[in-house]
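*Asks:* Quick one: the structure is below, questions incoming.
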Amino acid sequence: MSKKNRSYIYLLVGLVAVVGLSFPLEASVNSYDMRIIINIGISMILAASLNLINGFTGQFSLGHAGFMAIGAYTASALTTLVFGSAEGVTQELLFLVVLLAGGITAAIAGLLIGIPSLRLKGDYLAIVTLGFGEIIRVILQNIEPLGGSLGISGIPRYTTFIWTFGILAVLIFISENLMRSTYGRGFLATRDDEIAAESVGVNTTKYKVIAFVIGAFFAGVAGGLYGHYNSLIRPLDFGFLKSVEIVVMVILGGMGSTWGVLLAAALLTYLPEALRKIDLFGVSLSDFRMTIYSLALILLMIFRPQGLLGNFNPKEFAGRFKKNGQSKKSKPAVS
Amino acid sequence: MEEFLQQLINGLSLGAIYALIALGYTMIYGVLRFINFAHGDVFMIGTYIGFYVLNTAFVQSLGPGAETAVIVFLAAMVGCGLLGVIIEFLAYRPLRNRPKLTVLITAIGVSFFLEYTGQLPFVFGADPRTFPTVVEKTTVLQAGGLVIDSYQIIIFVVAIALMLGLRLLIMKTRIGTALRASSMNLKAASLMGINTNAVISFTFFVGSALAGAGAILYAMSYPKINPLMGILPGLKAFIAAVLGGIGNILGAAVGGFIIGAAETMTAGYISPTLRDAIVFAILIIILIVKPSGLFGRGGTEKV
Amino acid sequence: MRKLLFILLSGLLSGGIISCGNDGSDGGEESDVIKIGHFASMQGDIATFGQQTNNGMLLAVEEINAAGGVLGKKIELKTEDTRSTTQDAGLAAEKLISQDKVTVLLGEVASSLSLVAAPIAEREKVPMVTPASTNPEVTVDKNGNVRKYVFRVCFIDPFQGKVMAKFAKENLNATRVAILKDNANDYSVGLAKNFQETFVGMGGEIIAEQAYEAKQVDFKSQLTAIKAMNPDAIYVPGYYTEVSLIAEQARDLGITAPLLGGDGWDSPELTKGKFKEALEGCFFSNHYSVEDTTALVKSFTEKYAKMFNGEAPGAMSALGYDAMYIVADAIKRAGSTEAEAVTKAIGETRDFKGITGNITINSQHNAEKSAVVLQIKDGKFTYFATVAP
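Each protein sequence line maps, in turn, to chains W, R and C. First residue of the first sequence: 1, per my numbering; consecutive thereafter. First residue of the second sequence: 336, per my numbering; consecutive thereafter. First residue of the third sequence: 639, per my numbering; consecutive thereafter.
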């Protein structure tokens, strides 16, 4: 069986597992825990999509929440303002359409911002994307039909466990396959040494833009999922802080390591909830989380710049338990 | 016309403060080739140093006036300067030869650390604080609708004096010569026997001290301080530095004034909600059209 | 292999969450306390308001319990932080309802955060009372349907905007007014909109409409533009944090027209130190006046100061206090903690004597009560007028 076919089978297994898992979960978990799980799923999509940009091509983007906002607003506006009274369409089909629309709009924005700014080097790109995120927020705030600063309220709740984790499985499938394709090589060459890559004829701008567009697409879809779960979206929630949270997930997990990033996303979404009731100096421990995150960033960069699971490769890891350890000679670690 | 002049004066006095902060960005970039993301937060700490000094019993007993002003400026400048040196020593020095991205992430980490630790209730607290009066504000000139107050004059005088002082320091002293040599080529400078670590520490001290002075000027004019207040002025000052040509000291000063004026003009004549957006737009345009900035030297990235 | 690992991982994770999440959640059904949940911004942008509201509630709970509680049971206030974000507002509300199993949900100052919780309360059929969310949509959804379980004890944006417009026109004889609103804040935008509608409807003229964003510190451009129009008054329906700077900069530029505002101004900061002079003679609408000498208000301000280190209660503290008392009163009248009965009783609140006025919940689930207009005079919020609905 070829590698390609095998990865499709993995996707299928993953999707079946998501559906299979959803029924016992929905039955046994209360709605608070379910909300945590869905939030974790959305964080995972956001982090994995940013990982495509930050991790795979080494571009530092600080405006991911801006793409999320575009997707969230497009999808939610379509549902509440346009399709609100659509008849003869099932809810699932409608949701799929609005999510795709949100993703595509975000991807177009990614293309528009990407083409001029991806010619820039790391530091500048970080600041331009930061500015982009803020500009999106300000623009949304000033569009009256989209609710201005109050945002869009009364969004129906379509997001479920299956939707969230199904989309996550697709994203993982795409990013893992991408890395094994020609594009993946292009991404890595761009990340590892841009100047060297360019000098051997790799069109680094093209690869950066492609990664940017795909990343933006999934951030947009995640925004749509978020809006259709939380029932209200407003510009303030897609500010700089949200972008930072996603960046921290990617760095903590190890830029470029899909699994590390997913794990970090889950941890960083769950921790604030777990810390809700633990006090230190009369302050809830969750108040300290940004202090802890920032210290972790500094210490990681000094002592372990590859992140917690930076060079972790599950296949290699599994291989260690086999006697012949043949997986050692497998392809270079890309995940 | 009157309104236009008023907007221009307001913009230039804001720009003078940006210029002071921008100098720090540009000096550090000049030597280390990296953007000290935490610079805006050093600026924020400067306002808090001023706040606590002004609230000590001794300074309170002096009341607003020249003595108070001197004490507050010195405290904020020395405090920020030391903070800059400590940050460089603890966070950036271990990463001296690492990839740029690593240093950038660390700088962002330092920035968040200052912002969010500052928000903890037993540090500064998240609530805005009112900055006490340093010197009494008087109206210096009132011509028709045009009003200039003493703070605007103070900002100009202090900012320009510090910039001239910086120029003297860099052009006429030994350490200034060493700094210039280091910013041309750090490695070559160290081969020539310059203690580059000392030069880098010195750069951080001076750059951060200027941010400290800017902080007091800023807090005097906008007497509301909070731990997140450094982000936007910091970014705008950075953009001012890029606009002027990063690494170029005259450029940083001119860039600061341009950004300040552009911001207030946009707010006054186009839309106040676009005042931050316009600054980022300027950045994008300058990076695409002339990445080396108004006064910057061209040059390509070395492999 | 990886997909399998992923499945395993997510299984483990969700398993972990279930087991961690359920700690001590159940078992409160037949206890001797009545749990009231409060989801509030204890950190983040609007933490000041969340903490004030919570303090008001804590004071009310202490008083109620000292007087023997409700239905012979003590009230227990459970507060969960929304960190001023919609994501955490959803989590906090959901936790209070599905895990802590509270009888009534109190909460949020910010309308946007209350709007996240309202559908949850409706779905779980738990009564919710918001102390200070002023957007009409919180109790009546977009389609005009009244939310069965959601109530409020404060007046709504249109009312406060109207009050100030009427006041400007009739008491100040202003005909040309400028507006300076906080575009990042739906409360401010709502008040500005309703002020404008009423003021123009009464024959007045809005000569300039300028905006700023919360946390900005430089308002000179907007004020310079406003000054050029020479208005009779300037309506600034923002939060006190920016209002103090706006007032100072306005005076620096030589603007002498009075500033007008809403309940977001209610903070001792506006009467202190360097901002005192700049705001002298300005007016704002509020829920109550600290100067009110009725025994009720007097005892409230005294007790509050005693409980919280001499702090003066803000409007949010008073609203939080009233919200808690209205809930306690409703449970008493319902004679049980059963959700439907309590919901019905809250809806039947008539002429309840609260700190913030005589509160009657109307068919739209809004509080009907009068507003007061306060003037800042000699560093004090002085009572100026009462405007009935």
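Where is the CB? At the ideal position from N, CA and C, for every residue including glycine. A quick note: this is a predicted structure, and the numbers were derived from the prediction, not measured.
Using the Cβ count rule (16 or more neighbours within 10 Å means buried), how would you classify R:LEU439?
*Replies:* The residue in question, R:LEU439, is buried, as its Cβ has 16 or more Cβ neighbours within 10 Å.
*Asks:* Output the distance between the C-alpha atoms of W:LEU252 and R:TYR604, rounded to the nearest integer angstrom.
*Replies:* Roughly 44 Å between the two C-alpha positions.
*Asks:* Does DSSP put W:SER49 in a helix, in a strand, or in coil?
*Replies:* W:SER49 falls in the helix class under three-state DSSP.
*Asks:* Any idea if W:SER343 is buried or exposed, counting beta-carbon neighbours within 10 angstroms, 16 or more meaning buried?
*Replies:* One cannot answer for residue 343 of chain W here, as it falls past the ends of chain W, which runs 1 to 335.
*Asks:* Could you tell me whether the Cβ atoms of C:VAL874 and C:ILE864 are closer together than 8 Å?
*Replies:* No, the Cβ-Cβ distance between C:VAL874 and C:ILE864 is not below 8 Å.
*Asks:* Please report the distance separating the alpha-carbon of C:GLY707 from that of C:ILE713.
*Replies:* Approximately 6 Å, taken between the alpha carbons.
*Asks:* Per the contact definition of three or more C-beta pairs closer than 8 Å, is the stretch 47-54 of chain W in contact with the stretch 205-215 of chain W?
*Replies:* Yes, the stretch 205-215 of chain W is in contact with the stretch 47-54 of chain W.
*Asks:* What does W:TYR73 touch in chain C if you count any residue whose Cβ is under 9 Å from its own?
*Replies:* Within chain C, no residue comes near W:TYR73; the closest Cβ sits about 14 Å away, beyond 9 Å.
*Asks:* Please state whether the Cβ-Cβ distance between R:GLY631 and R:GLY580 is less than 8 Å.
*Replies:* Contact flag set, yes.
*Asks:* Looking at C-beta atoms only, is the number of pairs between the stretch 374-384 of chain R and the stretch 552-571 of chain R that lie closer than 8 Å three or more?
*Replies:* Judged by Cβ distances under 8 Å, the stretch 374-384 of chain R makes contact with the stretch 552-571 of chain R, as three or more pairs qualify.
*Asks:* Just to confirm my understanding: we take R:VAL394, look at its own chain, exclude 5 residues before and 5 after, and list those with CB closer than 8 Å. What are they?
*Replies:* For R:VAL394, where only same-chain residues beyond five positions count, the Cβ hits under 8 Å are VAL388, THR403, ILE406, VAL407.
*Asks:* Please state the DSSP three-state secondary structure of C:VAL1032.
*Replies:* Nothing can be reported for residue 1032 of chain C: it is not among the residues displayed for chain C, which extend from 639 to 1027.
*Asks:* Can you check whether the C-beta of W:GLU198 is within less than 8 Å of a C-beta belonging to chain R?
*Replies:* False, the Cβ-Cβ gap to chain R never drops below 8 Å.
*Asks:* Of the choices C:ASN703, C:HIS676, C:GLU775, C:LYS858, whose alpha-carbon is the least far from that of C:ASN692?
*Replies:* Taking only the C-alpha atoms, the option nearest C:ASN692 is C:HIS676.
*Asks:* According to DSSP, is R:SER517 part of a helix, a strand, or is it coil?
*Replies:* Here R:SER517 sits in helix by DSSP.
*Asks:* Anyone know if the C-beta pair for W:ALA266 and W:ILE45 falls short of 8 Å?
*Replies:* No, the pair does not count as a contact, with Cβ atoms beyond the cut-off.
*Asks:* Can you give me the start and stop residues for the beta strand (DSSP E) that C:LEU1012 sits inside?
*Replies:* Where C:LEU1012 is concerned, the enclosing beta strand (DSSP E) stretches over 1009-1015.
*Asks:* How far does the beta strand (DSSP E) with C:ASP820 in it extend, from its first residue to its last?
*Replies:* Segment 814-820, the beta strand (DSSP E) holding C:ASP820.
*Asks:* What are the partner residues of C:GLU1006, as DSSP defines its beta bridges?
*Replies:* C:GLU1006 pairs with C:THR998.
*Asks:* Using C-beta distances below 6 Å, list every residue in its chain close to W:GLY133, excluding the 5 sequence neighbours before and after it, in chain order.
*Replies:* So the list reads GLY63, ALA65, GLY66, SER243, once near-sequence residues are dropped.
*Asks:* Using a Cβ cut-off of 9 Å, pull out every chain C residue sitting near R:VAL469, in sequence order please.
*Replies:* Simply none; closest approach about 11 Å.
*Asks:* Mind listing the chain R neighbours of W:LEU295? Cutoff is C-beta to C-beta under 7 Å, in chain order.
*Replies:* What W:LEU295 touches in chain R: PHE448.
*Asks:* Count the other CB atoms within 10 Å of the CB of C:THR1020; is the residue buried (16 or more) or exposed (fewer)?
*Replies:* Looking at its Cβ environment, which holds fewer than 16 other Cβ atoms inside 10 Å, C:THR1020 is exposed.
*Asks:* Please work out which residues of its chain come closer than 7 Å, Cβ to Cβ, to R:ALA602, disregarding the five sequence neighbours upstream and downstream, and give them in chain order.
*Replies:* Closer than 7 Å at the Cβ level, and outside the excluded window around R:ALA602, lie ARG610.
*Asks:* Output, in sequence order along the chain, the residues in the stretch 852-868 of chain C whose CB is closer than 9 Å to any CB in chain R.
*Replies:* Hits within the stretch, in order: LYS853, GLN854, VAL855, ASP856, PHE857, LYS858, SER859, GLN860, THR862, ALA863, LYS865, ALA866.
*Asks:* On the three-state DSSP scale, how would you describe C:VAL708?
*Replies:* Residue state, collapsed to three classes: strand.
*Asks:* Could you check if R:ALA523 is buried or exposed, using at least 16 other CB atoms within 10 Å of its CB as the buried criterion?
*Replies:* The residue is exposed, with fewer than 16 neighbouring Cβ atoms inside 10 Å.
*Asks:* Under 7 Å between beta-carbons, which chain C residues line up against W:GLU273? List them in chain order, please.
*Replies:* Neighbours of W:GLU273 on chain C, chain order: LEU729.
*Asks:* Give the list of continuous beta strand (DSSP E) stretches no shorter than 3 residues that lie fully inside the stretch 737-808 of chain C.
*Replies:* Within the stretch 737-808 of chain C, the complete beta strand (DSSP E) runs of at least 3 residues are 742-745, 766-768, 788-790.
*Asks:* Three-state secondary structure (DSSP) at C:PHE1022?
*Replies:* The answer is strand: DSSP assigns C:PHE1022 an E or B state.
*Asks:* Going by DSSP in three states, W:LEU150 sits in which element: helix, strand or coil?
*Replies:* In the structure shown, W:LEU150 sits in coil (DSSP, three-state: anything other than H, G, I, E or B).
*Asks:* Output the residue ranges of the beta strand (DSSP E) runs that lie fully inside the stretch 248-282 of chain W and measure 3 residues or longer, sorted by chain position.
*Replies:* With a minimum length of 3 residues, no continuous beta strand (DSSP E) run stays inside the stretch 248-282 of chain W.
*Asks:* Straight-line CA distance for C:GLY782 to C:LEU753?
*Replies:* If I take the Cα positions, the gap works out to 15 Å.
*Asks:* Using 8 Å as the limit for Cβ to Cβ distance, is W:ILE127 near chain R?
*Replies:* Answer yes: the Cβ-Cβ gap between W:ILE127 and chain R drops below 8 Å somewhere.
*Asks:* Across which residues does DSSP place C:ALA846 in a beta bridge pair?
*Replies:* Bridge partners of C:ALA846: C:ALA816.
*Asks:* Going by DSSP in three states, R:HIS374 sits in which element: helix, strand or coil?
*Replies:* Residue state, collapsed to three classes: helix.
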